[in-house]
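Enquirer:
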Amino acid sequence: MTLESRDRWVRAAEGWEARATQMARDTMPVSSRLVDLVRPQPGHTILDLAAGLGDTGFLAAELIQPGGTLITSDFAPEMLTAAQKRAPQTVDVRFKQIDLSAPIDVVAGSIDGVLCRWGYMLLDDPEFALRETRRILKRDATVALAAWSGPDDNLWSTLPVRILQRRGILEPPEPGAPGQFTWQDPNVIEDTMATAGFLEPEVEAVEFAMRYEDVDDWWVAQTQLSTRTGDADKGLDFATRSDVLAELEEAAQPFTQPDDSLIIPARTWVASATA
Numbered sequence: 001m002t003l004e005s006r007d008r009w010v011r012a013a014e015g016w017e018a019r020a021t022q023m024a025r026d027t028m029p030v031s032s033r034l035v036d037l038v039r040p041q042p043g044h045t046i047l048d049l050a051a052g053l054g055d056t057g058f059l060a061a062e063l064i065q066p067g068g069t070l071i072t073s074d075f076a077p078e079m080l081t082a083a084q085k086r087a088p089q090t091v092d093v094r095f096k097q098i099d100l101s102a103p104i105d106v107v108a109g110s111i112d113g114v115l116c117r118w119g120y121m122l123l124d125d126p127e128f129a130l131r132e133t134r135r136i137l138k139r140d141a142t143v144a145l146a147a148w149s150g151p152d153d154n155l156w157s158t159l160p161v162r163i164l165q166r167r168g169i170l171e172p173p174e175p176g177a178p179g180q181f182t183w184q185d186p187n188v189i190e191d192t193m194a195t196a197g198f199l200e201p202e203v204e205a206v207e208f209a210m211r212y213e214d215v216d217d218w219w220v221a222q223t224q225l226s227t228r229t230g231d232a233d234k235g236l237d238f239a240t241r242s243d244v245l246a247e248l249e250e251a252a253q254p255f256t257q258p259d260d261s262l263i264i265p266a267r268t269w270v271a272s273a274t275a
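Next comes the structure, spelled out in structure tokens:
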């Protein structure tokens with residue numbers, strides 16, 4: 001993860017916390033599938049990497065009781081602070097700052113399962129992070145990860161950005177730079193997991209939907225979840241923002257419901273493999 005992207009995640013924590021309820025609701029199919037794949041059992045120790053607000057790991061927390069421990073981790077202390085506010089009070093949840101560009105400070109062979117929703121693909125060296133993940137997993141334990149499929153599968157995220165880029169307000173990302181769609185090719189996911197030493201990597205698609213109250217809510221969500229979009233929004237004058245929102249409203253027509261709410265399809269890869 002670059003210094004720039006680290007700074008973005010630190011600054012994004014407040015926005016993610018503001019959208020916590022919506023994100024937990026809409027991404028539940030992804031989190032549920034990840035948890036199913038690691039097969040949590042009572043007494044297990046489960047590690048949630050790049051956990052953000054912690055929702056995926058929290059789903060596993062009840063399943064590892066009695067006697068189990070969930071370790072919720074993120075690079076950004078601000079994300080961990082927000083996650084602590086949402087943690088279930090009836091289970092053993094520990095919070096740990098983990099930088100996936102460095103060796104993971106966890107005893108080798110001590111973890112029964114690792115979850116990582118939309119984390120590895122953002123790293124400069126995901127293979128290194130996966131090798132570290134394999135090192136700390138018990139033999140035959142499972143890692144389950146999610147990585148976004150293509151931009152056209154996730155217009156909830158890409159349509160606002162495309163509008164800003166067409167208007168010259170946002171620059172396109174550098175080719176090859178880590179980002180949301182770095183792992184849109186499932187073969188890259190399988191190959192990286194295998195090269196890191198994992199056995200029998202398997203990739204499947206999970207389709208779900210992002211839901212917004214209206215076009216304004218969609219726009220606000222993007223400015224809260226993405227610091228690049230949020231920074232761009234802060235620099236818009238009234239007329240330009242009005243034009244952007246008008247264009248976004250037109251683009252939203254295929255997803256607009258009779259009550260003006262939006263239901264926009266989303267798609268992610270979910271992959272698993274054993275150590």
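Residue numbers (full-length UniProt numbering): 1 to 275. Heads up, the beta-carbon is just placed ideally off N, CA and C, and yes, glycines get one too. Please read these numbers as outputs of a predicted model, since none were measured by experiment.
Leaving out five residues on either side along the sequence, give the residues of the same chain with a beta carbon under 8 angstroms from the beta carbon of proline 40.
Expert: Sequence index remark: in the sequence shown, residue 40 carries index 40 (1-based). Residues Ile46, Ala60, Leu63, Ile64, Gly68, Asp112, Gly113 of the same chain have their beta carbon placed closer than 8 angstroms to that of proline 40, with the five preceding and five following residues left out of the count.
Enquirer: Below 7 angstroms between beta carbons: does that hold for alanine 51 and threonine 72?
Expert: Here residue 51 corresponds to residue number 51 of the sequence shown, with the count starting at 1. Here residue 72 corresponds to residue number 72 of the sequence shown, with the count starting at 1. A contact, by the Cβ cut-off of 7 angstroms.
Enquirer: Between the Cα of aspartate 55 and those of Gly43, Glu17, Phe75, Pro77, spot the shortest distance and give me the residue it belongs to.
Expert: Here the question's residue 55 lines up with position 55 in the sequence shown. Comparing Cα positions, the closest option is Glu17.
Enquirer: Give every residue of the same chain whose Cβ lies closer than 6 angstroms to the Cβ of phenylalanine 208, excluding the five residues on either side of it in the sequence, and list them in chain order.
Expert: The residue you call residue 208 lines up with position 208 of the sequence shown. Hits under 6 angstroms: Pro29, Ala266.
Enquirer: Give the list of continuous alpha helix (DSSP H) stretches no shorter than 4 residues that lie fully inside the UniProt domain "Methyltransferase type 11" (50 to 144).
Expert: 55 to 61, 77 to 86, 126 to 136
Enquirer: For leucine 199, I'd like the list of residues in its chain whose CB is within less than 7 angstroms of its CB, leaving aside the five on either flank, ordered along the chain.
Expert: Working through the sequence shown from its first residue, we reach residue 199 at position 199. Contacts found: Ala273, Thr274.
Enquirer: I'd like to know whether the C-beta atoms of proline 66 and proline 88 end up nearer to each other than 7 angstroms.
Expert: As a working note, residue 66 is residue 66 in the sequence shown. As a working note, residue 88 is residue 88 in the sequence shown. With respect to the 7 angstroms criterion, proline 66 and proline 88 are not classified as neighbours on the basis of their beta carbons.
Enquirer: Glycine 119: buried (16+ other C-beta within 10 angstroms of its C-beta) or exposed?
Expert: The residue given as residue 119 occupies position 119 in the sequence shown. It is buried - the Cβ of glycine 119 has at least 16 other Cβ atoms within 10 Å.
Enquirer: Does the distance from the CB of arginine 33 to the CB of valine 270 come in under 7 angstroms?
Expert: Counting from one through the sequence shown, the residue named residue 33 turns up at place 33. Counting from one through the sequence shown, the residue named residue 270 turns up at place 270. Contact: yes.
Enquirer: Could you name the residues that DSSP lists as bridge partners for threonine 182?
Expert: Start at 1 with the first residue of the sequence shown, and residue 182 comes out as number 182. The partner list for threonine 182 (beta bridge, DSSP) is empty, contrary to what the question assumes.
Enquirer: Check each candidate in Arg131, Met193, Leu145, Arg94 and name the one with the smallest Cα separation from alanine 102.
Expert: Along the sequence shown, one-based indexing puts residue 102 at 102. Taking only the C-alpha atoms, the option nearest alanine 102 is Arg131.
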